[in-house]
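Protein chains in written order, with the working numbering: chain R, 1 to 156; chain D, 157 to 312.
As C-alpha cells, then:
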C-alpha cells in the first residue's frame with residue numbers, strides 16, 4: 001500500500017551567503033509549510049555548522065517530515081518533503097530561485113510504500129531532450145529545470 | 157557536485173504492535189547510528205501518533221539526517237538515511253526482518269546534488285528477473301528483496 005509521496009529537491013547555484021543564513025533558509029521551509037497547509041509537531045530542529053558549512057533544518061509534521069540541508073561551499077541546497085497525505089505541488093523552482101538564488105532545480109518524486117517496489121512502477125524524467133520511461137522501474141519521477149529549458153510541473 | 161547519498165528504505169509486512177512501540181522502532185535507528193558511526197546533534201525528535209497510528213523519529217546528524225515513519229495499519233515502516241559522507245551499507249533487510257518482522261524490504265539509493273540531474277545518471281533495480289538499466293536516467297538505484305528472492309547488497 002502506498003503510504004505517501006516524497007519530494008527530493010536539489011537546488012544548485014545558490015548564493016553561498018544565503019545558504020549560511022538560517023533565517024534565509026528558514027523562510028523557504030516556512031513557505032512550504034504555509035502554502036501546503038502542513039502542520040508542525042513540536043519545535044523544528046535547526047543547526048548551524050561551522051563555516052564554511054551550512055545549515056540543517058528538520059520539521060516533524062503530522063504529514064511526515066520536511067528536511068533541509070545547505071552546502072554553501074558548493075552552492076547547493078537540498079530538501080526532502082515527505083507527505084503521507086496528498087498535497088499539491090510546491091513551486092520549488094520559482095521559490096528557490098527567488099529566495100536562495102538557485103540557477104537549477106531538480107525535483108524527484110518518490111512514492112513510499114508498496115508502490116516503491118520494482119514490480120510495476122516507473123522511473124521518468126522530463127527535461128528537454130532527455131525524456132525516457134522504463135516500464136518496470138521503481139516509482140521515481142524526476143524533473144530538471146534550468147534557465148534554458150522549458151519546464152512543466154506535474155501536479156500530484 | 158555530489159553532496160551525499162540518501163537511502164530510502166520501505167519495509168512491508170511488519171508487526172503492527174512493534175510499529176506502534178517507539179522503543180522498538182528506536183532500536184532500529186540506534187543500530188543504524190551505532191553501526192555506521194553516525195553522530196547525533198541535539199536530541200532526536202520522536203512522536204507517537206494516536207492509535208491506530210504509528211511513530212515518527214527524526215535525528216539531526218553531523219552527516220545529515222535519519223528519519224523514520226511507521227504505519228501499523230498497513231504494516232509498513234519507512235526510513236530515510238541521508239549521509240553527506242561516504243558510509244558503508246547497513247543491513248536493512250536483515251535487521252528490519254529481525255527487529256520489526258518485515259517480510260519485504262525495498263532499498264532505493266539516491267545521489268544528492270549535481271549527480272541527481274537527468275543528464276548522465278542511472279536508474280537501476282536488482283530484483284530477480286526485474287533487472288534493467290537506463291543510461292540517461294537520474295541517479296536512483298533500487299533493490300527489492302523478499303523471502304523468496306536472492307539478494308545482493310551493493311556496498312557504497
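Every residue gets a Cβ at the ideal spot worked out from N, C-alpha and C, and that includes glycine.
Residue-level contact to chain R via CB, residue i, 7 Å cutoff
i	result
residue 220 of chain D	yes
residue 227 of chain D	yes
residue 310 of chain D	Caution applies to residue 310 of chain D, whose pLDDT of 31 falls short of 50 and renders its modelled position unreliable; the model cannot decide the point.
residue 206 of chain D	no
residue 216 of chain D	yes
Contact set between residue i and chain D, taken where Cβ atoms lie within less than 7 Å
i	result
residue 90 of chain R	Within chain D, no residue comes near residue 90 of chain R; the closest Cβ sits about 17 Å away, beyond 7 Å.
residue 41 of chain R	203
Chain-ordered chain D contacts of residue i [CB-CB under 9 Å]
i	result
residue 76 of chain R	157, 159, 268, 269 and 270
residue 36 of chain R	Going along chain D, no residue has its Cβ under 9 Å from residue 36 of chain R, so there is no contact; the nearest lies around 17 Å.
residue 19 of chain R	Result: empty, since nearest Cβ-Cβ is about 11 Å, beyond 9 Å.
Partner residues on chain D for residue i, Cβ-Cβ distance less than 8 Å
i	result
residue 13 of chain R	In chain order: nothing, as chain D lies at least about 10 Å away.
Option nearest residue i by Cα separation, candidates the options
i	options	result
residue 157 of chain D	R/10, R/58, R/60 and R/24	R/10
residue 23 of chain R	R/87, R/104, R/80 and R/70	R/70
residue 112 of chain R	R/106, R/104 and R/83	R/83
residue 161 of chain D	D/259, D/241 and D/263	D/241
residue 55 of chain R	D/217, D/213 and D/232	D/217
residue 173 of chain D	D/232, D/190, D/264 and D/192	D/232
residue 15 of chain R	R/8, R/73, R/3 and R/34	R/73
residue 159 of chain D	D/181, D/219 and D/191	D/219
residue 104 of chain R	R/12, R/8 and R/7	R/12
residue 182 of chain D	D/234, D/262 and D/264	D/234
residue 20 of chain R	R/57, R/106, R/107 and R/66	R/57
residue 106 of chain R	R/80, R/53 and R/36	R/80
residue 194 of chain D	D/208, D/223, D/207 and D/243	D/243
residue 190 of chain D	D/206, D/222 and D/266	D/222
residue 59 of chain R	D/209, D/224 and D/208	D/224
residue 41 of chain R	D/197, D/205 and D/209	D/205
Test: residue i CB closer than 7 Å to a CB of chain D
i	result
residue 100 of chain R	no
residue 95 of chain R	no
residue 7 of chain R	no
Contact set between residue i and chain R, taken where Cβ atoms lie within less than 9 Å
i	result
residue 184 of chain D	Per Cβ cutoff of 9 Å: no residues; residue 184 of chain D is ~16 Å from chain R at best.
residue 172 of chain D	By Cβ distance, chain R contributes nothing, its closest Cβ being about 13 Å from residue 172 of chain D, past 9 Å.
Per-residue contacts from residue i into chain R (C-beta, under 8 Å)
i	result
residue 237 of chain D	Going along chain R, no residue has its Cβ under 8 Å from residue 237 of chain D, so there is no contact; the nearest lies around 11 Å.
Interface flag, residue i vs chain B, CB-CB below 7 Å
i	result
residue 209 of chain D	Going by chain labels, chain B is absent from the structure shown, which instead holds the protein chains R and D.
Contact test: residue i Cβ vs the ligand FMN heavy atom, cutoff 6 Å
i	result
residue 12 of chain R	As far as ligands go, the structure on display features none, and thus does not contain the ligand FMN.
The region 21-36 of chain R / the region 187-207 of chain D touching (three or more Cβ pairs under 8 Å) = With a cut-off of 8 Å on Cβ pairs, the region 21-36 of chain R is not in contact with the region 187-207 of chain D, counting fewer than three such pairs.
Assess, as a yes-or-no matter, whether the region 92-110 of chain R is touched by the region 240-253 of chain D under the definition of 3 or more beta carbon pairs within less than 8 Å.
-> no
Sequence ranges, beta strand (DSSP E) only - wholly within the region 182-241 of chain D, length at least 3 = 201-204, 211-217, 220-227 and 232-239
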